[in-house]
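A short write-up of the structure that comes next.
Numbering (UniProt numbering), first residue to last: 1 to 382.
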């Protein structure tokens, strides 16, 4: 048995790692995997860089930042597996929501109008000479950050000028709200649902409603490790693919929730995990759950395929956020990090039909569509 250490953050989309361990998919590949629960994204990145873990559950943009040496040490990281699509939400404190509701309740009837309702509050606070609203994201280089910025921009809000964006670990969002350190957030599940269930926040819009079927976490490894351990890497990809397929089956949902709820894994209440998995967005005012289809996609729509066009979109956001040099070759950089060919080689060998292209048009499809005989999800941006 080959020993492999993998770091993860306690989030719903770490499920493929947990299921691959608990259901024996790693073991069937001849892998003895030790899962290490980490507390922060910077911690998991540094452990990967220094070889304390062999692989890690990582925010997709972290690979670009680390490879380019932005925000920390420089190390070439790569991925050949995506943990799924979507799974984030934007929420605000109860206090801010009440102010928004009093100011213009009609704008809150539709999630897409929520950014405009927030804009009115930002303008009011500015005219009253109050401090800018403070929004939390889980890491500067994260889809949470870029989705939040895109949502704000859709209403004409300048994320650099009109609000403050700070970093808070996912599981600390509730505490940050309770202590009034933040006014809102964009965070992954189950912590957005947990914040609402704890009575500290209201969800305004989900990540899916900002960008349909957006990328999220990936399995990150160093390029050196990938070069030296191709067979082990492919076995990891195979086991995770099988775990994601297991997760996608509705009859496994309750068992999945019980695994995730364990303190050594995600450690969130089962009710919050169930809402997150089902896409039931609970609203404290109505005590009613709004169903969001495809709120979190673990397997269908080629959710595990590492599209280089996803990496290219992220790199473009990093440019627009002034995080990286505007002259960086986006396509070349994306191709050096997203090992799409390795994923295709690994999964196609199991008889799975996959597209022969590494990138696709993003933001053009309002409905599910077919590429080379494979169904993909909508990919519209707000």
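Glycine residues also receive a C-beta, built at the ideal position from the N, C-alpha and C atoms.
- For residue 204, the enclosing beta strand (DSSP E) has its first and last residue at 201-206.
- For residue 75, there is no enclosing alpha helix (DSSP H), as DSSP marks it with neither H nor E.
- Around the CB of residue 250, fewer than 16 other CB atoms lie within 10 Å, so the residue is classed as exposed.
- With a cut-off of 8 angstroms on Cβ pairs, the stretch 185-204 is not in contact with the stretch 73-83, counting fewer than three such pairs.
- In the three-state reduction of the DSSP assignment, residue 247 falls in the helix class.
- A distance below 6 angstroms between beta-carbons, with the five flanking residues on each side excluded, links residue 20 to the following residues of its chain, in chain order: 26, 239, 240, 243.
- With a contact defined as Cβ atoms closer than 8 angstroms, residue 92 and residue 159 miss out at about 15 angstroms.
- Looking at the DSSP output, residue 296 sits in a beta bridge with 86.
- Looking at 52, 212, 168, 172, the one whose alpha-carbon comes closest to that of residue 369 is 212.
- Taking all protein chains shown into account, residue 327 has fewer than 16 neighbouring C-beta atoms within 10 Å of its C-beta and is therefore exposed.
- For the pair residue 8 and residue 337, the Cα-to-Cα distance works out to about 20 angstroms.
- Straight-line measurement puts the Cα of residue 47 at about 15 angstroms from the Cα of residue 67.
- In the same chain as residue 266, and ignoring 5 residues on each side of it, the C-beta atoms closer than 6 angstroms to its own belong to 10, 260, in chain order.
- As the crow flies, the alpha-carbon of residue 348 is around 55 angstroms from that of residue 126.
- Inclusion of residue 12 and residue 273 in the CB contact set at 8 angstroms is warranted, their separation being smaller than that value.
- When C-alpha distances from residue 346 are compared across 304, 376, 108, 309, the shortest belongs to 304.
- Going by DSSP, residue 55 is part of the beta strand (DSSP E) stretching over 55-59.
- With a cutoff of 8 angstroms on beta-carbon distance, residue 206 and residue 295 are scored as near each other.
- Going by DSSP, residue 375 is part of the beta strand (DSSP E) stretching over 374-376.
- With a contact defined as Cβ atoms closer than 8 angstroms, residue 88 and residue 156 miss out at about 22 angstroms.
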